[in-house]
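Quick mapping for you: the protein sequence lines, in order, are chains A and B.
Heads up, the first sequence is in my numbering, so the first residue is 1 and it goes up one at a time.
Heads up, the second sequence is in my numbering, so the first residue is 1001 and it goes up one at a time.
Protein chains: 2
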Amino acid sequence: MTPGRSMILPPPLHAGARVALVSPAGPLGGPAEVALAEANARSLGWEPVVGRFALARTGYFAGTDDERITDLREALADPSIDGIWCLRGGYGAMRLLPMLDGDSLRQRPRVLLGYSDITALHAAWQTAGVVSYHGPTARAELSPFSRDSLIKAITTGHEPAGDAPDATCIVPGRVEGRLAGGNLALVASLAGTPWAVSFRDGIAVLEDVHEATYRVDRMLVQLRLAGAFDGCRGIVFGHCTDCPDTSEDGRRTLRDLLSELGHALNVPTLMGVPVGHIPDQWTLPLGAMATLDAGAHTLQVHRPTL
Amino acid sequence: MTPGRSMILPPPLHAGARVALVSPAGPLGGPAEVALAEANARSLGWEPVVGRFALARTGYFAGTDDERITDLREALADPSIDGIWCLRGGYGAMRLLPMLDGDSLRQRPRVLLGYSDITALHAAWQTAGVVSYHGPTARAELSPFSRDSLIKAITTGHEPAGDAPDATCIVPGRVEGRLAGGNLALVASLAGTPWAVSFRDGIAVLEDVHEATYRVDRMLVQLRLAGAFDGCRGIVFGHCTDCPDTSEDGRRTLRDLLSELGHALNVPTLMGVPVGHIPDQWTLPLGAMATLDAGAHTLQVHRPTL
Chain A
1 MTPGRSMILP PPLHAGARVA LVSPAGPLGG PAEVALAEAN ARSLGWEPVV
51 GRFALARTGY FAGTDDERIT DLREALADPS IDGIWCLRGG YGAMRLLPML
101 DGDSLRQRPR VLLGYSDITA LHAAWQTAGV VSYHGPTARA ELSPFSRDSL
151 IKAITTGHEP AGDAPDATCI VPGRVEGRLA GGNLALVASL AGTPWAVSFR
201 DGIAVLEDVH EATYRVDRML VQLRLAGAFD GCRGIVFGHC TDCPDTSEDG
251 RRTLRDLLSE LGHALNVPTL MGVPVGHIPD QWTLPLGAMA TLDAGAHTLQ
301 VHRPTL
Chain B
1001 MTPGRSMILP PPLHAGARVA LVSPAGPLGG PAEVALAEAN ARSLGWEPVV
1051 GRFALARTGY FAGTDDERIT DLREALADPS IDGIWCLRGG YGAMRLLPML
1101 DGDSLRQRPR VLLGYSDITA LHAAWQTAGV VSYHGPTARA ELSPFSRDSL
1151 IKAITTGHEP AGDAPDATCI VPGRVEGRLA GGNLALVASL AGTPWAVSFR
1201 DGIAVLEDVH EATYRVDRML VQLRLAGAFD GCRGIVFGHC TDCPDTSEDG
1251 RRTLRDLLSE LGHALNVPTL MGVPVGHIPD QWTLPLGAMA TLDAGAHTLQ
1301 VHRPTL
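Right, here's the structure in full:
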């Protein structure tokens, strides 16, 4: 977000909302995943509109850059489309950033839902000053927990987060700030670019998958050296799934890294909330204000007071 | 390097030069590696001075940040030390960057030798406007090829590179520029920081190890989006060692990535030169001018005309 710019909340997705299902990053496994995504959308009362290239495959991408941006652009240009639900992450969304029109994102704000590699698109929405939703991808089997949070976040506007009883308090304290972040690898990969994420006046929400501890260390150090954490008010780390603490990494863990970061910044820090590559996920509105109480293991989203 | 600032060439290391052996990143396996490094230095006519914490170990670091920066600082503060040869890479050098005094690097320019994670220190030398040497770490078994190039680069001042008959021309053409870069993962990890690498008016020298193709893709895209390649005149990629082109990455290879980059920038591009995690390595003076002729498979360093 541009500092000082007010954030726009896209209209909620009520029954009958038309939701584009697109693949801006990695390829799907096959039509069954699209069918599951359509069923997910219908179960939420939405009408799914599958992108032309949703099932395309070019190497590790869901089609060429041109094909992937075409589906996104067509969805954004269609006035009947109310939201965009990304089918999966993987890798490839950040390649599309120079081809997205940030002004149009703000002129006609729309719900964006997804996580992991979709963090690149969240950065585009945030840069345009539009709230976007960090939550399950469309092809996921939605657990009751994930479904409940998603409905609250996007449909009813109720508080989608709340208690995280299984979380670990790293640095206690209570703070308010704007939610910002997403997948750590993507946030680090956006450093130095026009879509760089800033945690100033914010609560950093981070997660990752398949990263050795030294890589997580390196990404956090990059973001510190790049100033991304300057003015950060709090840190919420979800899960680092399949992030081995083995071999020569053995004596340094994610908890050590977050303790180092949280104490260096001297901000409330909570680890292990329902965010990441896990079955039960919160859907969090990035760009919205929230209150973190690390000692109480709670993250409360202030939806009406954007 | 600050644009327009002249680069300083450190004095060459002649017989009797005192060379500090330090571990600014990952830990060594044991004293035998220090012994090999000392033998390497003596075989080049240098007197090795082993850092106090060269054998320290803290998790995946060669000691704490304080211990690692202490060895570097003591070497830089000692007027009898003529050069710094890093014992190994790994991870951890970039954590020391805010603790290094760039002004002192320029006031008393000294040889720096190493690669891989040592790219972070190269970035400090380059930012200070001092040529630094991208080549073997001190604990390596030096092949005759690597030894020859190292001696030419650092001791005699002769042309240390030249022909790369096994390289692959990706985009033909001949161009002059300053050598810049190092390990791709580190160059990407410095994006957005005060030590960010710029290839403006330069020839990008890159290599990597243990990175899936999609990660190399992401790093190159980050650097493009961050403007690092703006004004770049040529690209020289060494080797990406143990970078699997397998599973879902299968249809997109390093060559595809370099072809995409070289053609997008429209600059001479050469792949497979003796740079990287391989036995036979060039020692290249980063910050020095060179001529790349991709079609002829040659990289010629202009040593006297800095």
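Even for Gly, the Cβ is constructed at its ideal location relative to N, Cα and C.
| Check | Outcome |
| --- | --- |
| C-beta atoms of tyrosine 1060(B) and glycine 1089(B) nearer than 9 Å | no |
| Spatial neighbours of serine 1023(B) in its chain, beta-carbon cut-off 8 Å, leaving aside the 5 residues before and after | Gly1051, Phe1053, Ala1054, Leu1055, Ala1056, Ala1062, Gly1063, Arg1068, Asp1071, Cys1086, Leu1087, Arg1088 |
| Valine 1221(B) in three-state terms, based on DSSP | helix |
| Within 9 Å, strictly: CB atoms of glutamine 1281(B) and serine 1146(B) | yes |
| Residue-level contact to chain B via CB, aspartate 217(A), 9 Å cutoff | yes |
| Chain B contacts from the stretch 51-82 of chain A (Cβ-Cβ distance under 9 Å) | Arg57, Thr58, Gly59, Tyr60, Phe61 |
| Of the residues Arg1218(B), Ala1164(B), Ala1153(B), the one placed nearest alanine 93(A), counting alpha carbons only | Arg1218(B) |
| In DSSP terms, what arginine 18(A) is bridged to | Glu47(A) |
| Residue interval of the beta strand (DSSP E) (run including glutamine 1300(B)) | 1298-1301 |
| Chain-order list of residues whose beta-carbon lies under 7 Å from that of serine 1259(B) (same chain, five-residue window excluded) | Ile1170 |
| Cβ pair methionine 1007(B), valine 1130(B) closer than 9 Å | yes |
| Top-ranked residue by Cα proximity to glycine 1181(B), from Ala1138(B), Ile1084(B), Leu1150(B), Val1275(B) | Val1275(B) |
| Cutoff 9 Å: glutamine 126(A) Cβ touching any chain B Cβ | no |
| Cβ neighbour criterion (16 or more within 10 Å) applied to aspartate 117(A) | buried |
| Close Cβ partners of serine 13(A) (< 7 Å) along its chain, the five nearest in sequence each way excluded | Checking the displayed sequence, the identity of residue 13(A) turns out to be leucine instead of serine. Closer than 7 Å at Cβ, skipping near neighbours: Val19, Trp46, Asp82, Gly83, Val111, Ile154, Thr155. |
| Leucine 113(A) and proline 136(A) closer than 9 Å at C-beta | yes |
| Residues within the stretch 88-106 of chain A neighbouring chain B, beta-carbon criterion of under 9 Å | Gly90, Tyr91, Gly92, Met94, Arg95, Leu97, Pro98 |
| Residue span of the beta strand (DSSP E) that contains alanine 1204(B), given as start and end | 1202-1209 |
| Short-range partners of chain A found in the stretch 1218-1230 of chain B, where Cβ spacing is below 7 Å | Arg1218, Val1221, Gln1222, Leu1225, Ala1226 |
| Partners in chain A for threonine 1193(B), counting only beta-carbon separations shorter than 7 Å | Gln222, Leu225, Ala226 |
| Length-filtered (4 minimum) alpha helix (DSSP H) runs lying within the stretch 1058-1121 of chain B | 1065-1077, 1102-1107 |
| Three-state secondary structure (DSSP) of glutamate 1159(B) | coil |
| Among Glu1141(B), Arg1174(B), Asn1183(B), the one whose alpha carbon lies nearest that of leucine 1284(B) | Asn1183(B) |
| Straight-line Cα distance separating glycine 1231(B) from threonine 298(A) | 48 Å |
| Proximity winner among Pro1172(B), Ser1104(B), Val1197(B), Gln1222(B), relative to leucine 96(A) (alpha-carbon distances) | Gln1222(B) |
| Straight-line Cα distance separating leucine 1261(B) from aspartate 1249(B) | Note that aspartate 1249(B) scores a pLDDT of 49, beneath 50, so its modelled location is shaky; the value from the coordinates is reported in the next line. Looking at the two C-alpha atoms, the distance is approximately 18 Å. |
| Residue from Leu190(A), Ala167(A), Thr127(A) with nearest C-alpha to glycine 381(A) | Any question about residue 381(A) goes unanswered here, given that chain A covers just 1 to 306. |
| Neighbour list for alanine 196(A) in chain B, Cβ cutoff strictly below 8 Å | Gly1192 |
| Proximity test, Cβ basis, 9 Å: tyrosine 1115(B) and chain A | no |
| Any chain B beta carbon closer than 9 Å to tyrosine 133(A) | no |
| Contacts that serine 189(A) makes with chain B (C-beta to C-beta distance below 7 Å) | Arg1218, Gln1222 |
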